[in-house]
Ligand SMILES: C[S@@+](CC[C@H](N)C(=O)[O-])C[C@H]1O[C@@H](n2cnc3c(N)ncnc32)[C@H](O)[C@@H]1O
């Protein structure tokens with residue numbers, strides 16, 4: 008199953024054009040300042056537009072994706088902007104994220120079913136340092152009505168309530184479902200229904 012989708016993404020990216028463009032996702036661009044400066048993990052970073060842009064803002068980036076083709080284009084994009092990012096070819100579902108490693112974690116249009124989402128979000132929360140920030144955008148269930156991109160299987164689409172429930176220990180900085188207009192390369196264009204969230208891992212309580 009995983010091999011099928013990995014091949015699907017490799018084929019998707021096997022073109023010289025950047026299918027989601029080379030500009031970062033707008034929500035990330037608008038709110039990146041909320042991520043403490045330091046180490047940021049970009050999951051499912053694809054062709055690297057988000058990781059490379061964050062590196063240009065001074066973050067130390069690790070970008071993970073299982074598409075070799077996507078990572079190859081991410082490397083080229085990093086070279087174009089003369090930044091260094093660490094690229095990891097791995098399946099998120101078996102990746103060891105570690106504990107309290109990152110100041111930020113960025114997940115843009117990374118879609119999984121409810122069971123895997125709960126598992127992954129637990130790992131993401133664990134991987135953040137206290138005070139670290141998770142920034143996430145995903146297509147919401149309303150996206151079924153639009154043709155601006157995203158998975159066609161409703162089980163892979165997100166909603167505000169289950170997103171909140173999947174991150175029980177995190178403070179909510181911002182969480183909303185909204186209709187936005189996407190202008191991201193050739194594949195994300197036009198009105199789209201998304202969930203946008205920013206979550207902060209609580210600082211450890213001071214010992215008395
Ligand atoms: C819609 S693209 C988004 C790419 C990027 N975040 C962006 O916004 O431009 C989804 C990405 O998730 C990656 N992906 C899907 N399932 C994955 C998995 N299990 N492990 C690693 N990467 C995965 C795909 O290879 C693809 O690059």
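Residue numbers (this note's numbering): 8 to 215.
Backbone N, C-alpha and C define an ideal beta-carbon position, used for all residues, glycine too.
Quick caveat: nothing in here was measured; it's all calculated off a predicted structure.
Residue closest to residue 91, alpha-carbon to alpha-carbon, out of 51, 9 and 63: Taking residue 91 as reference, the option from 51, 9 and 63 with the minimal CA-CA separation is 63.
Burial state of residue 18 (16 or more Cβ within 10 Å): The residue in question, residue 18, is exposed, as its Cβ has fewer than 16 Cβ neighbours within 10 Å.
CB of residue 206 within 7 angstroms of CB of residue 186, strictly: No, the pair does not count as a contact, with Cβ atoms beyond the cut-off.
Own chain partners of residue 173 with C-beta closer than 7 angstroms, once the 5 adjacent residues on each side are dropped: Around residue 173: 124, 125 and 128.
Contact test: residue 193 Cβ vs ligand 1 heavy atom, cutoff 6 angstroms: Outside the cutoff, so no.
Span of the beta strand (DSSP E) around residue 114: For residue 114, the enclosing beta strand (DSSP E) covers residues 109–115.
Residue environment, residue 52, which counts as buried when at least 16 other CB atoms sit within 10 Å: The residue in question, residue 52, is buried, as its Cβ has 16 or more Cβ neighbours within 10 Å.
Residue 191 versus residue 30: straight-line alpha-carbon distance, rounded: If I take the Cα positions, the gap works out to 8 angstroms.
Unbroken beta strand (DSSP E) run spanning residue 146, endpoints: Unbroken beta strand (DSSP E) run through residue 146: 135–146.
Any non-hydrogen atom of ligand 1 closer than 6 angstroms to residue 87 Cβ: No, the Cβ of residue 87 stays beyond 6 angstroms of every heavy atom of ligand 1.
Alpha-carbon spacing of residue 116 relative to residue 55, whole angstroms: Distance from the CA atom of residue 116 to the CA atom of residue 55, rounded to whole angstroms, is 13 angstroms.
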